[in-house]
Each structure stands twice: as C-alpha cells, then as structure tokens.
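In full-length UniProt numbering, the protein residues as written are 1 to 926. Step one of this worksheet: look at the structure below.
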C-alpha cells in the first residue's frame, strides 16, 4: 500500500488540485512519489546534523542515503508522475547525479533534470555559488529553478572529507561540515582546538575507504581565527604536508586544510591521551621499575619523529635534501596516543603544532650555515635554546637564523622537566619552575620576567637545572630507579649545551638511550644472579661505559673509511625493534626482571643502524661529552690522540654476544677492507660473533633478490647499505671465496623471460649493479616475478634427491665442488629485500604460490628442510606488508616445511642470515 502524505514542497506554491504549479510545460500529475521522497528527507534531517561556516547547526543528507533510496523503480515512479513522462535513466542518476536529481525532486522540479544535464550540470559541479554559475544556466528557462536550487542545495551537498581535495580548500559559508559532535580542547591566542566527530558517510580520509563500513571517527580541528595568523596556518600546513610522506608514527597525522568564513582550518589526527602537559597533571608518576622504563622508552621515541623533521626527504633531482626545524617543542606540543596495553605509561608521543617550523632545501655543496641554519620564527621561549632567546628588547625585532640543534636543546628541557615529574610528581615540576624563575631573576640581561623560568641564562644552562638534576639523581637512586638518573645525565651531557655544535642529533639520542637502557638491564641481570644488586653512581658509570663501547670507539674514522657512495646513505627509517608499531613493552613479556625471573643477557631493545657523519665544527670547548670515550662528531673529527688498541687486544665481555647490529657489521667490514685495520677498532665480541656466524653459514650459497616495485624507491639507499653489510659477511665464508658464489637478482628482463641475475664474489661489483636499479615495477606483479625466479634460478640449483644431495656434498668435500652439478647441490639461502607492499588484497598477495612450488619440490625430492631457506627482509612499516609477510611464514609452517622466515632490516643481522635454518630462531619476527 503506497504511503500518502500531504506535505508542502519547498519553494513551490500549491495548486488547488494538490500538485505544485509549474510553467515548464510538464506537471506532476501524480505528486505521490515526490511527497514520499520529501517525507523521507524530513526523517533523515532528524538523523544528520552538522554546522556551517557561521557555526549554525543544520541538517544534511549524505550521499549514501540518497544512493540507498533511489532504486530503479523509484526513479521510474518519478518519471511516470509527470505528464508527459520524463525519460530519465536510472544509471545516469545513480552514477553521476544523485544529488542533483534529489534536489530537483525535493523541489518538484524533476522536469528540469535533463535540460540542466544537457548544459553540463552534474554532481561534480555542486555545490554552485553565484560566482561560478555557468552562463548556460542563466537562461530565462531556469529563472525560477535556479534560485531555489542555490538555496536548498547545501543540505544535499555536505562537505566530503577527501585528502586529495583538502588542500587549502575554499568553502562557502553555507557549506555544511559533517561534524556530528564538537568538543573544545584548548584555546590559544592564535588558534582554537576542537575534537570533532566526523560522520563516516562523509569521510574518505582512510587509505582504504569502504562504503559498507561507515564508522564515525574523531579528528582534531585547529582553527586560526584571524587573518593575521594566516602565515602560521600556511606554514603549518606546508610543513605537515611535507612530513606525511612517508608517514611517521611520532608526528601528528595531517589530513588537510580549508578556509571558511574568515577562519583557517587544519584537520589533524586525534590522540586520545591528550598532551604531555595534561598528562603530568592527570597521571601519577610511575613507581614500579617496569613502568619507569616503559615511560622513558615511550617518551624517547619522540626523537624518531624529530629526526624525521630534521631530515625530511631528498629533494627531486638535485642531490639536495629537505630539512626542517620545529622551533616550538614543549610539553603541550607533544600529544599522546594510548597503546592497547591500557597502561598509562605505555603511549606513542607525537610532535604537533608546526606553526613556527621552517622547512628548507639544502644541497651537497652548501656549507654549514646553509645546511644547519634555518629562519628563526620565534617559537616558545621558556623551552627555547639560548641562541633563540628574545629576553631583551634589542633582540625582539631582529631577523635571525637558528640551527637545527635548537630543537635538541628544547627537547632537553622537556626531558629534564619530565625527570622532575618522575622523581617528585606534579608538585616537583612546580618546584622546578620556581627554582628556574629564582635563578632567572639574577640574570642581568633578562629584561622580560616571562623568561625567568627558562632553562638557560642567555649564555649557558641555568644553574637551577644542575641543582634539580642533582636532586633527581639522589631521589631516584634512593628508590632503586637507576634509569632516570641516566636520562638526566644524557640530557645534561648531550642536549642542554651552550654550543649547539656539541649537541647530539635526534637519532643519536634515540640510539644512545636504547643502548643505555639495554645495558642497564643486562647489568641488573648480572648483579641479580649474584644477589648483589647495589645501585650506586659507579654503577651508572659502568652502564655509560658499555654504551660508549658500542657507539664511540673510532666512530667517525669508520664513517670516513666507507666508500663515498655509502657515506651519503641515510639511516633506515625508524621502526619499533620487533617491527611492530606497538610499544616495546607488552603484558606478556616484560623487558625488566620481575621478582622470580631473570631476563636474557642481551637487551630486548636492539641497537639501530649506523649514524651517518655530518659536517659540524668544533669550537674551543671541552669536547668530552660525559660518557668516557664517547665524543661528539666535532670532537672525533679533530681528534689527534692515538687510536684505541685493536680488537684482538681488548678483553671480551663475560656474556656471549648474540646480537649483531648493522652498524657493527659495517664497522667490521670497513676494518677488514682497510689497509690499516688497527685504525678501525672493532668490538672483539662482535668480531667473534661474526666469525662464528660465518662458520655456521659455511657451505651455503646466497642469492639476494631485490623487490623492484615502485614503493621500494624510498628505501633505495637503505637497500644498498644492508646489501653491503650482508653480502660482505657471506662472501667471507669458505664456499663464497670462489667466483660467482653470490647472486644478485634485480627484477626480470623486459620480455619477462628470465630474471636479471649477476653473479660475483666481488661485492663492490654487485653493489654497482644494485645502484643502477630503477625500482619501476608496477604493483601486483611480484608473484609472477618471484615465481619466474623460483622456476628459473632456484629449482635448478636443488639436487634431484636426498641421496644425490649427500653424494654431491661428499664430492664437494673432496675438491669437486666447482664442477657441474656438484656446485649447484650446495644449500641455498634466498634473501629477499622487500617492503611487502604487494597489494591490499588477500593475505600473502599470491606469493604463497611460488613458495608452495618450492615446498612441494623439497618434499617430492625428500630433501632436507635446510637445503633451501627463503628470508624476507622487510623495509618500512607498511601494515599490508607486515600482514603479507606474516602470512608467508605461517603458510610454510602449516605445510610442515618451515623454510620461510621474515625479519625487519632494523634488527639482528644474525637473525637475518640464519632465518629458518634454526628452529629456535624462526619466529617470523616482522
């Protein structure tokens, strides 16, 4: 039974018969379909409410509701309701004109649909404004419909949030924003900040938008309210746009910008933990050692974001680099995203508020000033560095340039402040501020009292800072917390320094903290085993010395000894040690010993790849940075003292080393390649571990396969660095001393017939071929390319049976390993360099098919499981990549032939080369 309603139609006078007046030649002889639609719209208006540019709450109709309503039969009913019948095609309405058709039906102007369509109007042109109405629509025939269309269109055209369109988008004041809820978070002099709930039906900001899953999501709307703050809006939008490629988990997500009714708006990621300043007020400081370490590990990860700000990306084609300076690092500009564990000390910190940042392009030929210096945009002063201070009138209006390292001083202030909270709670931070303010009153140059509480005296670190640091060391040491005093030492020795040349870089600080925390844990383990856990300042020195031993000895001399092509390679992008985006702490496995258990001797948080050398000049300042033997880059470069003793003369540690970092592997390679190895001392434990690893791999061939897809372009330099380390390690085994024992596969020939393979035992020659790789394979072709490689290169290398494998192995031992099939019977390790971004489809993206081919061959020929090993080394943090690689590991296990392993390139070199050869190591740790 059809619904009959008696509603007036917007903008149309009613006739006596009930139908709307029309002078277009066609009338609604049966208005029932129009009334039914109007009634439906009235119901939807109660469900959807947003706001316009003036702040008015107004109803809107999302497109998915229109799509759901306009079935073929309903469009047909509207056509039949007119005399003569309209000839509107449902396909045209459904695909191009849902909004336009709905507006006209709502106004009972459906007879204008086809004339308007013929003149080029469709949903793509909506909403219309007076200034952009096509001349064809100003014809007299549209003089009645056009004003009503302009008036009522806004309800049917809410803003659809699409990252591709939200770039300084100019919106009419009438344009309705689909913000279902809005909560004010903060008000500043320049901007208001709100948390908004965006209607899922109008949100296409997700990487994969699914119309069937329309969840409302929270975002942050930052609104600059006056035109004088427009430069801040423009600057922040530009900086955030640059920093999103690739996305860094420690930088606030940015989704776009728009201008409406005199306001300038940024759409940002919502972090459910608030900012660090609020966190101090609402959260008690940690007291348990596990929580203390969890807090510091999480907070220190902000340096991964700061590193990305300082070294953003290469510039196109000129060998230059985009670099940035944040200039406004303070607790309320660090926001926190809660981790799934639920612990208040387990969070992801994100750098936010880039309104004062400066991004510039540097070139290889630039000197220090051009490379390190940026425009001073006069950010926060309390947490600012001495070189940025505007404490006196003569400094206020002067244009200035500041170094990148100004951010390091500011970060040091933040971490010093955090240490006071850990030691004494929220009241401790107030006391600390009062101490600094009292000290600031005594500084003759501080004309503005608002500068009293800063962390410097216009020249050097404030004496109040050193005083508080001593109090923190005493308080934490008495409570059994050794990590916080070590953090204070790190801040004081490497960050809060008057000479910016002596401050460590962001990634160095992250590395140094990881090593310090890891060695502290290992030291605790050793002491616990003897029941002599005594926490003293000398124990801190012992941990510092271990951190120095890893990072310090001969570091810059090693960097200069590398080939020039490798010196310019950036470090791999930061990721969590296990390759997961979660915290390094979890509820199932603690990083800190509990009452009844002892941790493994090696730290859970592994070291990172080598830090690259940069240009820094030493000034006449004590260059000892506080850790015995560990020196700043400028100090190392000017060093003239004798080299440390060679590795073989150094004592080994009492605990067998099991972790080999990329830095250690490259350092060892440089020492082995040098004409004077004694000039490049190597950790003796690392040297012994490498020799043991090579002995384990002896008798295996190694094939390196490079994923040449376009998404791997951003990892090109990292690929070359990792290949340099791994290929040199395996070439030094007994088998690989012969020519052609190492293979490099870099894609498939243009006709798709065979893989492009290079064989040599000279890694420099292979590296030269790798550097030519263009990374231009289209997405979705990895399965075909890998299957071709398995068929043409791997299967022919496998013995025909276990008996022939054993016989050929014996022949090889008798000296026949270099002939014919005896050579190809050697076990093979296939090491695939990939980001795993093979598409967003099903798990594995088809790569399980060539793996299945390989597994079936091993089973059919009854070969040993270790005859062939496939190791996928993961670059980057793609969620699809992690998903695909985990699936391949699981696939091998489920098929009872566990030959597949996967590891992140930021992990243990030993695990990368051993992979599935050891059941104990094969965890598929991505």
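Heads up, the beta-carbon is just placed ideally off N, CA and C, and yes, glycines get one too.
Give the secondary structure of residue i by DSSP, where H, G and I count as helix, E and B as strand, and everything else as coil.
i	result
residue 282	helix
residue 672	helix
residue 991	Outside the displayed range of the chain (1 to 926) lies residue 991, so it cannot be described from this structure.
residue 110	helix
residue 832	strand
residue 702	strand
residue 30	coil
residue 847	coil
residue 709	strand
residue 915	helix
residue 728	helix
residue 467	helix
residue 337	strand
residue 871	strand
Would you give the residue range spanned by the beta strand (DSSP E) that residue i belongs to?
i	result
residue 257	254–260
residue 195	191–198
residue 347	347–351
residue 755	755–760
residue 743	742–748
residue 792	First-last for residue 792: undefined, no H or E at that position.
residue 219	217–224
residue 54	No beta strand (DSSP E) contains residue 54, which DSSP labels as neither H nor E.
residue 269	263–269
Going along the chain, which residues of its own chain have a beta-carbon closer than 7 Å to the beta-carbon of residue i, five neighbours each way excluded?
i	result
residue 329	383, 407, 410, 411 and 414
residue 441	452
residue 473	485 and 488
residue 300	510 and 513
residue 129	172
residue 801	861 and 862
residue 665	725, 729 and 909
Using C-beta distances below 8 Å, list every residue in its chain close to residue i, excluding the 5 sequence neighbours before and after it, in chain order.
i	result
residue 912	726, 831, 871, 873, 903 and 905
residue 61	41, 44, 45, 48, 102, 155, 156 and 158
residue 520	482, 483, 486 and 543
residue 783	838, 845, 846, 847, 849 and 850
Which term fits residue i, buried or exposed, when burial requires 16 or more other beta carbons within 10 angstroms of its beta carbon?
i	result
residue 403	buried
residue 262	exposed
residue 175	buried
residue 165	exposed
residue 663	buried
residue 724	buried
residue 749	exposed
residue 191	buried
residue 85	exposed
residue 297	buried
residue 928	One cannot answer for residue 928 here, as it falls past the ends of the chain, which runs 1 to 926.
residue 222	buried
residue 747	buried
residue 250	buried
For residue i, collect the residues of the same chain with a Cβ closer than 6 Å to its Cβ; drop the 5 residues on either side in sequence, then sort them by chain order.
i	result
residue 915	869, 871 and 901
residue 829	700, 702 and 869
residue 354	236, 239 and 240
What are the boundary residues of the alpha helix (DSSP H) that includes residue i?
i	result
residue 429	406–441
residue 230	230–243
residue 880	879–894
residue 488	483–494
For the region 187–201 against the region 284–291, do three or more pairs of beta-carbon atoms, one drawn from each stretch, fall closer than 8 Å, so that the two count as touching?
no
Touch test, the region 449–466 against the region 265–272, Cβ-Cβ under 8 Å, three pairs minimum:
no
Any contact of the region 778–789 with the region 758–765, i.e. 3+ C-beta pairs under 8 Å?
no
With a cut-off of 8 Å, do at least 3 Cβ pairs link the region 81–93 to the region 181–195?
no
Can you find at least 3 beta carbon pairs, one from the region 153–167 and one from the region 98–110, that sit closer than 8 Å?
yes
Check whether the region 710–724 touches the region 754–762, taking contact to mean three or more Cβ pairs, one atom from each stretch, closer than 8 Å.
Between the region 710–724 and the region 754–762 there are fewer than three C-beta pairs closer than 8 Å, too few to call the two in contact.
The region 239–250 in contact with the region 214–231 per 3-pair CB rule at 8 Å
Not touching, per the Cβ criterion.
Examine the Cβ distances between the region 337–346 and the region 419–426 and report whether three or more of them are shorter than 8 Å.
Taking 8 Å as the limit for Cβ pairs, the verdict is that the region 419–426 does not touch the region 337–346.
State whether the region 851–867 contacts the region 887–898, with contact taken as three or more CB pairs (one from each stretch) at a distance under 8 Å.
yes
Check whether the region 108–116 and the region 49–56 are in contact - that is, three or more C-beta pairs closer than 8 Å.
Not touching, per the Cβ criterion.
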